[in-house]
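Heads up: the structure comes next, in structure tokens.
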Amino acid sequence: MTELVVGTKKGLFLLEGQPREGSTEGFEITTRACAGQPVDYALRDPRSGRLFAAVTSPFYGPKLFYTDGDPAAESDWEQADGVTLPEGGDQALERIWVIAAGEAPDTLYMGADPGVLFESHDGGASWEINAGLWNQPSRRDWRPGGGGLCLHSISTWPGDPSRLAVAISAAGMWLTEDGGASWRRGNRGLTPRYLPEADIDPETTALCVHHVERSRSRPERMFMQFHGGVYRSDDAGESWGEIGAGLPSDFGFPLKVDPLDPDSAYVIPLVADMDRVMPDGRVRVYETRDGGSSWSPRGDGLPAKHAYLTVLRQAFTSTGQGEALQLYFGATSGDVFGSGDAGASWGMAATRLPPVFSVSAS
Amino acid sequence: MAVVCVRAPLRALAGGRGEHELEGATVVDLLRGFESANPDAAGWILDERGRIRRHINVFVNGERGAGDTAVSAGDRVDVIPAITGGFS
Numbered sequence: 051m052t053e054l055v056v057g058t059k060k061g062l063f064l065l066e067g068q069p070r071e072g073s074t075e076g077f078e079i080t081t082r083a084c085a086g087q088p089v090d091y092a093l094r095d096p097r098s099g100r101l102f103a104a105v106t107s108p109f110y111g112p113k114l115f116y117t118d119g120d121p122a123a124e125s126d127w128e129q130a131d132g133v134t135l136p137e138g139g140d141q142a143l144e145r146i147w148v149i150a151a152g153e154a155p156d157t158l159y160m161g162a163d164p165g166v167l168f169e170s171h172d173g174g175a176s177w178e179i180n181a182g183l184w185n186q187p188s189r190r191d192w193r194p195g196g197g198g199l200c201l202h203s204i205s206t207w208p209g210d211p212s213r214l215a216v217a218i219s220a221a222g223m224w225l226t227e228d229g230g231a232s233w234r235r236g237n238r239g240l241t242p243r244y245l246p247e248a249d250i251d252p253e254t255t256a257l258c259v260h261h262v263e264r265s266r267s268r269p270e271r272m273f274m275q276f277h278g279g280v281y282r283s284d285d286a287g288e289s290w291g292e293i294g295a296g297l298p299s300d301f302g303f304p305l306k307v308d309p310l311d312p313d314s315a316y317v318i319p320l321v322a323d324m325d326r327v328m329p330d331g332r333v334r335v336y337e338t339r340d341g342g343s344s345w346s347p348r349g350d351g352l353p354a355k356h357a358y359l360t361v362l363r364q365a366f367t368s369t370g371q372g373e374a375l376q377l378y379f380g381a382t383s384g385d386v387f388g389s390g391d392a393g394a395s396w397g398m399a400a401t402r403l404p405p406v407f408s409v410s411a412s
Numbered sequence: 239m240a241v242v243c244v245r246a247p248l249r250a251l252a253g254g255r256g257e258h259e260l261e262g263a264t265v266v267d268l269l270r271g272f273e274s275a276n277p278d279a280a281g282w283i284l285d286e287r288g289r290i291r292r293h294i295n296v297f298v299n300g301e302r303g304a305g306d307t308a309v310s311a312g313d314r315v316d317v318i319p320a321i322t323g324g325f326s
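Chains as they are written, first to last, in the numbering used here: chain A, 51 to 412; chain B, 239 to 326.
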């Protein structure tokens with residue numbers, strides 16, 4: 051049984067089931083929580099079973115809630131402590147973008163706007179800001195992307211809590227090897243086509259990274275969806291090479307990597323930055339099995355005509371690995387699609403939800 | 239002392255009480271005092287910059303106020319989520 055945790059514009063939905071080709075019968079909605087609230091990101095920590103929901107109330111600002119009990123019971127949710135910027139500055143926390151389990155026990159990381167990383171060492175009940183990144187001298191020159199100055203990708207290194215990579219739109223990749231005490235950029239090879247070539251400097255240029263994932267089986271290998279360009283790094287994010295040839299478009303947001311196979315990755319292309327829908331109105335996930343040398347469409351069971359969907363950067367997830375890799379993505383149309391065979395066939399896990407902001411699976 | 243009046247969900251975060259007597263010379267002084275006295279509500283009305291959140295309105299004795307609006311003993315300050323047309 052697979053649980054999907056779906057954050058939407060109007061609340062959190064929990065689904066249980068198994069993907070079934072071309073059908074919505076494989077999953078059922080078991081819970082709606084945070085009713086009416088925009089749930090930007092939600093995750094169940096598989097280690098503790100604790101369920102997190104990042105909510106940005108239009109009135110009361112961004113908050114992180116968690117529950118160890120019944121998610122349908124409002125009284126079982128608690129607000130996490132410490133999810134705030136230092137008081138008295140000239141910035142306010144705008145939105146929580148991602149939560150990731152750390153490699154050390156009870157450690158979690160959380161990325162937020164404005165380009166801030168939080169860490170928790172008590173399972174997510176309390177958080178503190180990562181001072182190393184917050185105090186980066188270049189921060190004053192960081193510029194937001196269209197979605198804000200969002201720290202949206204957090205890549206841990208399997209078995210080594212000291213190594214971490216994060217991506218910020220549009221402040222690029224940041225790497226640490228001392229547990230976040232110090233950070234350096236990892237942008238060599240990225241080409242922002244939205245800037246004049248003469249202005250590109252990997253140390254200072256505003257680099258609009260859309261999403262980054264690390265291979266669990268070969269951690270020095272990373273994949274990136276950029277604002278125009280799909281890239282791969284084989285040196286732990288120090289440098290990047292383009293691998294987007296063969297895709298109908300190399301613009302998009304989410305990306306997944308098979309934990310078992312460092313050559314297998316999945317992207318969901320959109321037409322372009324000025325037209326953020328599926329190319330040709332066909333819903334397709336593109337797969338590479340050779341590290342990005344070639345790409346193949348995977349769309350059996352997905353809408354193939356007049357389906358102008360948009361999939362946001364946190365709305366694509368996976369669980370399992372290899373041939374049994376399960377893939378799930380949600381669209382702003384409110385549809386959630388799933389595959390139980392590494393993308394070979396697809397079915398609908400849910401329809402007519404509110405616009406989907408995030409999907410996670412366990 | 240002025241009175242800060244809050245509604246759900248702030249009331250639930252403030253011990254279930256809707257009215258709170260507080261000292262302060264301005265609206266922000268009162269709201270800072272409210273959040274300090276009710277830690278579960280910290281950050282819900284004021285952001286880290288000390289500003290009233292964008293979609294929260296305050297009314298002083300029934301008139302629209304702002305953070306720097308002066309308050310006196312006996313004044314009533316209502317904290318009300320804005321009617322924000324355009325949210326879908």
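Where a beta carbon is used, it is the ideal one built from N, C-alpha and C, also for glycine.
Tell me where the alpha helix (DSSP H) around residue i begins and ends.
{"i": "S274 (chain B)", "result": "V265 to A275"}
{"i": "A250 (chain B)", "result": "L248 to L251"}
{"i": "A181 (chain A)", "result": "A181 to W184"}
Rank the options by C-alpha distance to the C-alpha of residue i and give the top, closest one.
{"i": "N180 (chain A)", "options": "A:D191, A:F168 and A:D172", "result": "A:F168"}
{"i": "D285 (chain B)", "options": "A:H356, A:F109 and A:N185", "result": "A:F109"}
{"i": "R291 (chain B)", "options": "B:I321, B:N299 and B:G281", "result": "B:G281"}
{"i": "Y244 (chain A)", "options": "A:K60, A:D323 and A:F303", "result": "A:D323"}
{"i": "G305 (chain B)", "options": "B:A250, B:P277 and B:T264", "result": "B:T264"}
{"i": "D228 (chain A)", "options": "A:A217, A:D131, A:G236 and A:S212", "result": "A:S212"}
{"i": "L214 (chain A)", "options": "A:H171, A:R402, A:A150 and A:A175", "result": "A:A150"}
{"i": "I293 (chain A)", "options": "A:H171, A:L310, A:S314 and A:D391", "result": "A:S314"}
{"i": "V280 (chain A)", "options": "A:P309, A:T226 and A:G342", "result": "A:G342"}
{"i": "G384 (chain A)", "options": "A:G222, A:A365, A:R268 and A:W396", "result": "A:A365"}
{"i": "R94 (chain A)", "options": "A:A217, A:T52 and A:M223", "result": "A:T52"}
{"i": "V166 (chain A)", "options": "A:V55, A:T134, A:R235 and A:T157", "result": "A:T134"}
{"i": "G253 (chain B)", "options": "B:A240, B:G288 and B:A279", "result": "B:A279"}
{"i": "T369 (chain A)", "options": "A:L403, A:D391 and A:S412", "result": "A:S412"}
{"i": "R271 (chain A)", "options": "A:D330, A:I146, A:P298 and A:D311", "result": "A:D311"}
{"i": "A103 (chain A)", "options": "A:P136, A:V55, A:L375 and A:P96", "result": "A:V55"}
{"i": "P136 (chain A)", "options": "A:W177, A:L257, A:Q68 and A:S283", "result": "A:W177"}
{"i": "L248 (chain B)", "options": "B:I283, B:V309 and B:A308", "result": "B:I283"}
Assuming residue i is part of the beta strand (DSSP E), what are its boundary residues?
{"i": "A142 (chain A)", "result": "Careful: A142 (chain A) lies outside any beta strand (DSSP E) and carries neither H nor E."}
{"i": "R264 (chain A)", "result": "V259 to R264"}
{"i": "W192 (chain A)", "result": "Premise fails: W192 (chain A) is in no beta strand (DSSP E) and is neither H nor E."}
{"i": "W224 (chain A)", "result": "G222 to T226"}
{"i": "A240 (chain B)", "result": "A240 to C243"}
{"i": "S219 (chain A)", "result": "D210 to S219"}
{"i": "K306 (chain A)", "result": "F301 to V307"}
{"i": "L199 (chain A)", "result": "From DSSP, L199 (chain A) is part of no beta strand (DSSP E); its letter is neither H nor E."}
{"i": "K113 (chain A)", "result": "G111 to T117"}
{"i": "A104 (chain A)", "result": "L101 to S107"}
For a contact meaning CB atoms closer than 9 Å, what does residue i contact in chain A?
{"i": "H293 (chain B)", "result": "S107, P108, F109 and Y110"}
When the Cα atoms are used, what is the spatial distance from residue i to residue j?
{"i": "S389 (chain A)", "j": "V105 (chain A)", "result": "28 Å"}
{"i": "I318 (chain B)", "j": "N295 (chain B)", "result": "5 Å"}
{"i": "S265 (chain A)", "j": "L362 (chain A)", "result": "21 Å"}
{"i": "G278 (chain A)", "j": "G262 (chain B)", "result": "53 Å"}
{"i": "V335 (chain A)", "j": "E247 (chain A)", "result": "31 Å"}
{"i": "V273 (chain B)", "j": "G303 (chain B)", "result": "The sequence shown places Glu at residue 273 (chain B), not Val. Cα-Cα distance, rounded: 18 Å."}
{"i": "D140 (chain A)", "j": "G111 (chain A)", "result": "16 Å"}
{"i": "V89 (chain A)", "j": "K59 (chain A)", "result": "6 Å"}
{"i": "A246 (chain B)", "j": "L64 (chain A)", "result": "26 Å"}
{"i": "T255 (chain A)", "j": "L199 (chain A)", "result": "14 Å"}
{"i": "L251 (chain B)", "j": "D300 (chain A)", "result": "47 Å"}
{"i": "V242 (chain B)", "j": "L377 (chain A)", "result": "50 Å"}
{"i": "E259 (chain B)", "j": "F297 (chain B)", "result": "16 Å"}
{"i": "T226 (chain A)", "j": "A123 (chain A)", "result": "39 Å"}
{"i": "E71 (chain A)", "j": "P353 (chain A)", "result": "12 Å"}
{"i": "G296 (chain A)", "j": "P304 (chain A)", "result": "17 Å"}
{"i": "A399 (chain A)", "j": "P187 (chain A)", "result": "45 Å"}
{"i": "S410 (chain A)", "j": "R287 (chain B)", "result": "33 Å"}
{"i": "C347 (chain A)", "j": "A275 (chain B)", "result": "For the record, residue 347 (chain A) in the displayed sequence is Pro; it is not Cys. About 58 Å."}
{"i": "E78 (chain A)", "j": "S205 (chain A)", "result": "31 Å"}
{"i": "P404 (chain A)", "j": "Q87 (chain A)", "result": "11 Å"}
At a CB-CB cut-off below 9 Å, which residues of chain B make contact with residue i?
{"i": "L403 (chain A)", "result": "Within 9 Å Cβ-Cβ: nothing; L403 (chain A) doesn't reach chain B, min ~15 Å."}
{"i": "L62 (chain A)", "result": "Under the 9 Å cutoff, chain B gives no residues; its nearest Cβ is about 17 Å from L62 (chain A)."}
So which residues of chain B does residue i contact, with C-beta pairs closer than 8 Å?
{"i": "P136 (chain A)", "result": "E286"}
Counting only Cβ pairs nearer than 7 Å, list the residues of chain B close to residue i.
{"i": "G197 (chain A)", "result": "Ordered by position in chain B, no residue passes the 7 Å Cβ test against G197 (chain A), which lies about 18 Å from the chain."}
{"i": "D140 (chain A)", "result": "R287"}
{"i": "L143 (chain A)", "result": "E286"}
At 7 Å on the CB atoms, spell out the chain A contacts of residue i, in chain order.
{"i": "G281 (chain B)", "result": "G111 and T134"}
query: Which residues, taken in chain order from the segment 302-314 of chain B, show a beta carbon closer than 8 Å to some beta carbon of chain A?
result: None of the residues of the segment 302-314 of chain B has a beta carbon lying less than 8 Å from any beta carbon of chain A.
message: Closer than 8 Å between beta carbons: that is the criterion. Which residues of the segment 154-171 of chain A meet it against chain B?
response: Residues: none.
task: Output, in sequence order along the chain, the residues in the segment 115-130 of chain A whose CB is closer than 8 Å to any CB in chain B.
output: Along the segment 115-130 of chain A, the positions whose C-beta sits under 8 Å from a C-beta of chain B are Q129, read in chain order.
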